[in-house]
Amino acid sequence: MNRHHRFVTHYEDNLNELKANLGSFEKAKDRKAAAKAVEKTRNHLKKTKPAKKYQPFDPDNLPHRNRKPIKKEPRLNKESFEKDFGKGQTALRAENPIL
């Protein structure tokens, strides 16, 4: 109930502000005042406009696609192997050797 009451209050505040902005536009005596009222109304509408739900379809950028491979340069020296595997570790020396 509290959430509904907050929403109704927020909606009424936005509606009253919009009506006041449009009323100031109708009561404007000259172009300068009318332009100022239009700009104020436009800013209010931009602020209260909901987010766009439609997302343009891009077939080259789908959410479920294969990952692009990460290319690495080949390891050509001992230091690069030790950097990746740690010192003293090799692929052949495992925790549980095959007997």
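So the sequence shown is residues 115 to 213, counted in this note's numbering.
From the three backbone atoms N, C-alpha and C, an ideal C-beta is built for every residue, glycine too.
DSSP three-state assignment for residue i, whether helix, strand or coil
{"i": "G200", "result": "coil"}
{"i": "D127", "result": "helix"}
{"i": "K146", "result": "helix"}
{"i": "K141", "result": "coil"}
Residue burial classification, residue i (beta-carbon count within 10 angstroms, cutoff 16)
{"i": "A151", "result": "buried"}
CB of residue i within 7 Å of CB of residue j, strictly
{"i": "N135", "j": "T162", "result": "no"}
{"i": "E131", "j": "H158", "result": "yes"}
{"i": "F139", "j": "A149", "result": "no"}
Candidates the options, of which the one nearest residue i by Cα
{"i": "K160", "options": "N128, I184, M115", "result": "N128"}
Problem set entry | Length at least 3, wholly inside the segment 154-191: the beta strand (DSSP E) runs in chain order | Those beta strand (DSSP E) runs which fall completely within the segment 154-191 and span 3+ residues do not exist here.
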